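Numbering (the numbering used here), first residue to last: 200 to 639. For glycine and all other residues, C-beta sits at the position ideal for the given N, C-alpha and C. If you're wondering where the values come from, they're calculated on a predicted model, not measured in any experiment. Working notes, structure below.
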């Protein structure tokens, strides 16, 4: 009998979770289900008495009677091992059982085994005993081992199993075997950011790209050093259900399930600038905001974990110098002066100024009303123009302005502008701000 070219051969089996075995659905049987109607079974002969008696006790109506509600699910209590390689997704753990066997009647010696997983970007060694090879492998003998690897890339993967051994005739031989599979993306993550002042609201939409449901264990946003993130969950604002009336209610509400085939879950985060020393104030619109980390489980408990790349804020046009209203009194009374605190913020890496903060008179106002702000119902107490000293790079200064309300109701502050003192170059103007003036 001719010996094969190689005495050794690899066998690889993917280790994955078993599936629930589903019983076959009830099917129509002509010989049993229509016997009572005396259907001709062929040859013109009527069914025998024995057949009639046996069919009477196992009619279709009797067989569809459910003795237990679980019988309707089709699950018979058995588990079955997948009969194919199946689909592997990014973030899951690839686990395989590798067996190297001697398929000849001659022994081999000094068997070195190596298993590595190759992708387009990287190569990972999963098993290697070439530094201390097996002394001998007898006929029909084998060496088994298990390899594991966290799938971190999508696309083509190649499992390379190789062995170097000494054949019975003393020849040193090398045997490589290649096993290829493709890792798919289980999730699609879409983000949307909205800048509101110095804060950012980020919405993350997690889509299920698999054919089975996924249970999210957690979705965590790891903010960059310049920010702090607070998750906003509408379920936390809803009244809690009484556990005594529905003990499963709290658990069911806490489980986040994503339906298969493009099912989605949405998450909202509020990002603020970190108030830590040494962190430079940056453009919140175009900065790196952080990363999303997602952990989930598949239908049979398979664990998957993913981390996105850095999420960038949407680029926004940033002013060189910004003028903002920092604070107002909680209560403003008629004909009682109050203080408005403004902040002048530099967003450039050079010195700016000196600047001039000017409160223009309302449109159509005459010289006698030159001290009126907004629509004429707020008077400025003191000078109308304030000089702001030169600002350091990314520096800021506060300016205090005293106003006197002369009419009650909703009033508006407008016409506050910031210009360069020497050149008159306009930098920014205060957004119109409404306030409530109380009469008593």
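Would you list the one or two residues that DSSP bridges to residue i?
{"i": "residue 373", "result": "363"}
{"i": "residue 468", "result": "401, 430"}
{"i": "residue 490", "result": "421"}
{"i": "residue 348", "result": "293"}
{"i": "residue 633", "result": "611"}
{"i": "residue 278", "result": "219"}
{"i": "residue 504", "result": "494"}
{"i": "residue 378", "result": "358"}
{"i": "residue 616", "result": "557, 628"}
{"i": "residue 140", "result": "It is not possible to answer for residue 140, since the shown part of the chain is limited to 200 through 639."}
{"i": "residue 211", "result": "297"}
{"i": "residue 582", "result": "DSSP lists no partner for residue 582."}
{"i": "residue 510", "result": "489"}
{"i": "residue 521", "result": "544"}
{"i": "residue 406", "result": "387, 463"}
{"i": "residue 538", "result": "601"}
Assign residue i to one of three DSSP states: helix, strand, or coil.
{"i": "residue 545", "result": "strand"}
{"i": "residue 526", "result": "strand"}
{"i": "residue 152", "result": "This structure cannot speak to residue 152, because the chain is shown only from 200 to 639."}
{"i": "residue 387", "result": "strand"}
{"i": "residue 453", "result": "helix"}
{"i": "residue 608", "result": "strand"}
{"i": "residue 561", "result": "With a pLDDT of 45 at residue 561, under the threshold of 50, the modelled position of this residue cannot be trusted; read the value that follows with caution. Looking at residue 561 - three-state DSSP - the assignment turns out to be coil, as it is neither helix nor strand."}
{"i": "residue 411", "result": "coil"}
{"i": "residue 218", "result": "strand"}
{"i": "residue 499", "result": "coil"}
{"i": "residue 639", "result": "coil"}
{"i": "residue 311", "result": "strand"}
{"i": "residue 329", "result": "coil"}
{"i": "residue 205", "result": "coil"}
{"i": "residue 286", "result": "coil"}
{"i": "residue 301", "result": "strand"}
{"i": "residue 531", "result": "strand"}
{"i": "residue 461", "result": "coil"}
{"i": "residue 321", "result": "coil"}
{"i": "residue 334", "result": "strand"}
{"i": "residue 621", "result": "coil"}
{"i": "residue 599", "result": "strand"}
{"i": "residue 550", "result": "coil"}
Compare the beta carbon distance of residue i and residue j with 8 Å and say whether it is the shorter of the two.
{"i": "residue 554", "j": "residue 584", "result": "no"}
{"i": "residue 332", "j": "residue 309", "result": "yes"}
{"i": "residue 489", "j": "residue 593", "result": "no"}
{"i": "residue 216", "j": "residue 503", "result": "no"}
{"i": "residue 460", "j": "residue 410", "result": "yes"}
{"i": "residue 590", "j": "residue 537", "result": "no"}
{"i": "residue 531", "j": "residue 604", "result": "yes"}
{"i": "residue 363", "j": "residue 373", "result": "yes"}
{"i": "residue 208", "j": "residue 300", "result": "yes"}
{"i": "residue 414", "j": "residue 471", "result": "no"}
{"i": "residue 342", "j": "residue 379", "result": "no"}
{"i": "residue 487", "j": "residue 511", "result": "yes"}
{"i": "residue 219", "j": "residue 274", "result": "yes"}
{"i": "residue 389", "j": "residue 400", "result": "no"}
{"i": "residue 533", "j": "residue 598", "result": "no"}
{"i": "residue 306", "j": "residue 338", "result": "yes"}
{"i": "residue 541", "j": "residue 522", "result": "yes"}
{"i": "residue 469", "j": "residue 507", "result": "no"}
{"i": "residue 293", "j": "residue 350", "result": "yes"}
{"i": "residue 412", "j": "residue 458", "result": "yes"}
{"i": "residue 579", "j": "residue 543", "result": "no"}
Would you decide whether residue i is buried or exposed? Buried here means 16 or more other CB atoms lie within 10 Å of its CB.
{"i": "residue 617", "result": "buried"}
{"i": "residue 290", "result": "buried"}
{"i": "residue 360", "result": "buried"}
{"i": "residue 345", "result": "exposed"}
{"i": "residue 614", "result": "buried"}
{"i": "residue 325", "result": "buried"}
{"i": "residue 212", "result": "exposed"}
{"i": "residue 610", "result": "buried"}
{"i": "residue 385", "result": "buried"}
{"i": "residue 552", "result": "buried"}
{"i": "residue 587", "result": "buried"}
{"i": "residue 417", "result": "exposed"}
{"i": "residue 323", "result": "exposed"}
{"i": "residue 626", "result": "buried"}
{"i": "residue 321", "result": "exposed"}
{"i": "residue 505", "result": "buried"}
{"i": "residue 284", "result": "exposed"}
{"i": "residue 453", "result": "exposed"}
Verify the CB distance criterion: does residue i have a CB-CB separation below 8 Å to chain C?
{"i": "residue 330", "result": "Reference to chain C is not applicable here, since this structure consists of a single protein chain."}
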